[in-house]
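Here is the structure we will look at, set down as structure tokens.
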Amino acid sequence: MPKVLLIDDEEKFRQSLAKRLEMRGLEVVQATCGDDAIKLIRQDASIDVALLDRKMPGMSGEQTLKELKNFRPAMQIIMLTAHGSLASAKEAGKLDAFDYMEKPVEDLDFLIGRIEAAREEHGYAMERLEVVKTERSSLWKWLMGQHNSRPLFILVGILAFAAVVFMPTPQRMKELLTVPKTPRIENAAVDMNMGYSEYRKMSDGENIVHYYAKKNSLYTEKDGKKDLLNPEQVFTRAKVMLGVIVIAALFWATGAVPVGVTALIVGVIMICFNVLDPDKVAQAYAKDAVVFIFGVLAMSKAISRTGLDRRIGLLLLSPAKNLTLLLLVFMPTLSMTCSFISEHALVAFIMPIFVMVYASSCRAAGIKKDKALMVLFALAVCYAANTGGPGSPAAGGRNAIMIGILADYNLAPSFGEWVKYGFPMVPVMSLSIAIYLLVAVRPKVQVKQLNASKMVKQSAEKIGKMNRDEYVTAAILLIVIFLWIFASDSLGMGGPVILGLVLMNIFRVLPWREMAKIHWEVVFLYAGASAIGKGLATTGAALVMADTFVNILPPIMQEGSGLAIAASIFTGLATNFMSDGATVAAIGPITVPMAQIAGTHPWMVGFATAFASSFAHMLIIGTPSNALAYAMAKDPVTGEQLVTLADFFKHGFFVLLISFVVLWVWVILGYWQWIGFPS
12 MPKVLLIDDE EKFRQSLAKR LEMRGLEVVQ ATCGDDAIKL IRQDASIDVA
62 LLDRKMPGMS GEQTLKELKN FRPAMQIIML TAHGSLASAK EAGKLDAFDY
112 MEKPVEDLDF LIGRIEAARE EHGYAMERLE VVKTERSSLW KWLMGQHNSR
162 PLFILVGILA FAAVVFMPTP QRMKELLTVP KTPRIENAAV DMNMGYSEYR
212 KMSDGENIVH YYAKKNSLYT EKDGKKDLLN PEQVFTRAKV MLGVIVIAAL
262 FWATGAVPVG VTALIVGVIM ICFNVLDPDK VAQAYAKDAV VFIFGVLAMS
312 KAISRTGLDR RIGLLLLSPA KNLTLLLLVF MPTLSMTCSF ISEHALVAFI
362 MPIFVMVYAS SCRAAGIKKD KALMVLFALA VCYAANTGGP GSPAAGGRNA
412 IMIGILADYN LAPSFGEWVK YGFPMVPVMS LSIAIYLLVA VRPKVQVKQL
462 NASKMVKQSA EKIGKMNRDE YVTAAILLIV IFLWIFASDS LGMGGPVILG
512 LVLMNIFRVL PWREMAKIHW EVVFLYAGAS AIGKGLATTG AALVMADTFV
562 NILPPIMQEG SGLAIAASIF TGLATNFMSD GATVAAIGPI TVPMAQIAGT
612 HPWMVGFATA FASSFAHMLI IGTPSNALAY AMAKDPVTGE QLVTLADFFK
662 HGFFVLLISF VVLWVWVILG YWQWIGFPS
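Quick note, our numbering runs 11 ahead of the 1-based positions in the sequence shown.
Structure (structure tokens):
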């Protein structure tokens with residue numbers, strides 16, 4: 012039964028209105044003053060709406076409203092007054108009152124309608140503020156909880172983490188982390204020339220245990236004497252990182268706690284178990300990719316704020332006259348573009364356009380929301396961006412990392428050679444994914460007629476010609492893109508975008524207050540993923556994961572095309588839990604030498620590894636594109652998160668399978684066999 016708090020010092024009016032509301036099925040809780048109301052809402056979390064008299068002795072209605080909002084920000088408050096004025100209505104609006112009505116209330120139906128609308132808005136506010144309303148009607152419902160608060164999965168995560176950390180150290184882990192580095196490749200399974208690229212700095216005869224402890228200044232002190240960590244202590248830290256990836260993946264996939272909190276949990280565990288000292292944990296969070304995500308989220312605000320997003324939409328969405336064309340034409344076009352220009356930046360600039368198209372489509376169809384339509388838009392954009400990854404070395408840092416690994420063996424391909432082996436995969440894979448979205452998501456969309464091209468054109472016409480802010484924003488955007496293409500080796504991806512934000516602030520296009528309103532949860536999320544990648548690699552846990560996978564391969568997959576397929580499987584799975592760059596950095600140095608030993612061309616295995624690192628479709632931590640699409644996929648009116656982690660996981664699983672099939676059939680067993688590899 013809906014519960015309403017009625018706050019009024021006039022007993023006769025209060026009792027009469029309460030009785031009338033109760034006769035219409037509402038439960039009414041009464042308070043005679045602001046102090047009593049505050050005490051009530053602090054004890055009773057089931058009250059969603061309050062009817063508040065403006066003029067009361069002691070604490071006024073405006074003061075009471077402010078205090079109620081302080082303790083319950085999502086609560087919706089309808090102001091009632093017999094002394095209404097324009098000034099008092101404005102003041103109530105400033106304090107975030109839901110509505111302002113005069114009393115006595117003659118039209119009860121109208122009041123009840125406003126109460127229902129306020130309850131609906133309360134739900135949206137709870138979503139925006141990530142406030143969890145726990146169901147306590149049964150133990151099972153309490154355990155399952157709601158998104159961002161699932162006690163059952165929190166408990167399972169803690170138990171799984173403990174099981175991994177306190178399990179007996181596998182013999183294979185001991186061998187991998189204590190085997191000395193050799194000057195040449197002798198044993199493909201254990202040689203440290205093939206581990207995390209940082210291990211190449213080890214001296215001959217040194218092992219991971221000693222190098223990890225020395226590099227990170229990790230000591231134990233006994234009787235006033237300092238000693239580097241012993242092997243068992245390093246093994247424990249490697250198991251901690253394996254436990255971290257288990258608990259983080261579980262929490263991110265199920266929404267057990269907010270995704271940003273999970274990212275912070277990663278750092279807490281790494282510090283508490285002394286995986287790295289606090290300064291180095293902080294450094295692991297502050298990667299270039301994290302700065303990049305912050306920058307493009309802020310820059311996308313300027314692009315949307317000035318209207319430049321509508322001009323960009325005119326260029327990109329001109330063929331999208333219906334949903335089918337949007338998927339079958341726009342997706343491959345975006346994928347091929349992302350092969351040469353940062354896919355993360357394109358997602359940041361394109362998603363606001365689709366949010367605008369979504370809002371216009373819902374209004375035109377006369378519906379409040381169409382979750383399936385936003386899911387279709389967000390997944391189409393980020394999956395198209397992801398599939399551009401294999402197209403060229405310019406598509407992402409993961410490709411540059413693989414070229415660096417191959418260069419260590421004097422086998423680095425040229426730009427043109429990479430394009431020759433990777434670009435034909437891009438349109439085929441994006442079309443395959445587009446067909447999946449047409450079959451799996453399109454039938455659930457409520458908006459049946461959608462002309463994105465027309466909507467973007469009409470939206471651009473409404474704002475008229477480009478103004479000064481648009482020209483400035485466009486010029487800064489071109490500078491940033493130029494630096495991304497030609498100076499990312501020295502400036503990274505974060506440097507140019509931070510420069511862009513500084514310029515936008517100097518030219519008064521984007522004030523700091525607007526920059527600070529970005530979706531910080533996504534920034535923390537990707538920072539957490541970066542920290543996981545660093546911890547896995549530096550402790551040797553990533554090497555253990557890779558070796559475990561290699562050892563379970565059947566003989567048919569230990570050479571030739573089979574080895575390339577095996578490398579792609581492990582990389583494609585791992586990249587959903589680690590950043591794509593960290594995945595290639597951890598796995599590439601293992602798979603490339605294995606190819607040499609097996610008599611397989613290293614390009615075949617190296618390319619398969621790099622290409623599969625673009626398959627981060629299931630979790631939003633795998634690539635900034637997913638994180639950005641998720642951050643922006645909100646209802647522009649209510650702020651409700653329309654695309655969830657579950658949507659990514661469910662559809663991403665099938666898209667991952669499709670990506671594997673295209674890579675194996677069309678690429679590895681297809682045109683690669685025809686064009687061959689150089690001797």
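For each residue, glycine too, the CB sits at the ideal point set by N, CA and C.
Predicted, not measured: the structure shown is a model, and the values here were computed from it.
Taken in chain order, the complete beta strand (DSSP E) segments of 3 or more residues contained in the region 455-518 number zero; there are none. If you draw a straight line from the Cα of LEU521 to the Cα of VAL272, it comes to about 28 Å. If you compare the alpha carbons of MET605, SER541, LEU574 with that of THR586, the shortest gap goes to SER541. When ASN421, ALA260, GLU651, LYS185 are compared, the shortest CA-CA separation from LYS379 is found for GLU651.
Taking 8 Å as the upper bound for CB-CB distance, VAL368 and ALA445 are not in contact here, some 17 Å apart.
Put simply, the region 610-618 does not touch the region 644-661. Fewer than three CB pairs are less than 8 Å apart. A straight-line Cα-Cα distance of about 6 Å links GLY402 and VAL430.
A distance below 9 Å separates the beta carbons of LEU17 and VAL39. Inclusion of LEU76 and MET90 in the CB contact set at 9 Å is warranted, their separation being smaller than that value. Contact check for TRP677 against MET347 fails: the beta carbons are separated by 9 Å or more.
Secondary structure of THR92 (DSSP, three-state): strand. Between the beta-carbon of VAL245 and that of VAL220 there is about 4 Å, and that keeps the pair under the 8 Å contact cut.
In this structure, ARG130 and ASP110 do not form a Cβ contact; the two beta carbons are roughly 12 Å apart against a cut-off of 8 Å. The way I'd put it, the region 156-174 doesn't touch the region 220-229; fewer than three beta-carbon pairs between them come closer than 8 Å. For ASP107 and HIS133, the gap between their C-alpha atoms comes out near 12 Å. MET440 and ALA313 have their alpha carbons spaced roughly 33 Å apart.
A Cβ-Cβ contact shorter than 9 Å links LEU639 with MET362.
Bounds of any beta strand (DSSP E) do not take in THR398; it lies within the alpha helix (DSSP H) bounded by 382-398. Straight through space, the alpha carbons of THR43 and VAL307 are spaced by roughly 50 Å. A Cβ-Cβ separation of about 5 Å places VAL595 in contact with SER624 under the 8 Å criterion. The beta carbon of PRO115 lies closer than 7 Å to those of PHE24 in the same chain, with the five residues before and after it left out. Under the three-state reduction of DSSP, LYS233 is assigned to strand. Between the alpha carbons of ARG409 and ALA128 lies a gap of roughly 49 Å. Going by DSSP, GLU78 is part of the alpha helix (DSSP H) stretching over 72-82.
Under the three-state reduction of DSSP output, GLU132 falls in the helix class. Taking the Cα positions, ASN421 is about 37 Å away from THR180. Cα atoms of ALA376 and VAL456: separation of roughly 11 Å, rounded to the nearest angstrom. ASP110 carries a strand assignment under DSSP once its states are collapsed to helix, strand and coil. Membership of ASP64 in any alpha helix (DSSP H) is not indicated; the residue belongs instead to the beta strand (DSSP E) covering 60-64. With respect to the 9 Å criterion, ALA295 and LEU287 are classified as neighbours on the basis of their beta carbons.
Cβ neighbours of VAL366 within its own chain (closer than 7 Å, five residues either side excluded): MET643, PRO647. One thing to note: ILE58 has its Cβ within 9 Å of the Cβ of MET86.
Closest by C-alpha distance to MET629, out of ILE487, PRO454, LYS645, HIS662, is HIS662. For GLU525, the enclosing alpha helix (DSSP H) stretches over residues 523-526. The shortest CA-to-CA distance from GLU243 to any of ASP299, ARG479, VAL176 is the one to VAL176.
Among the bridge pairs identified by DSSP, SER160 is matched with GLN157.
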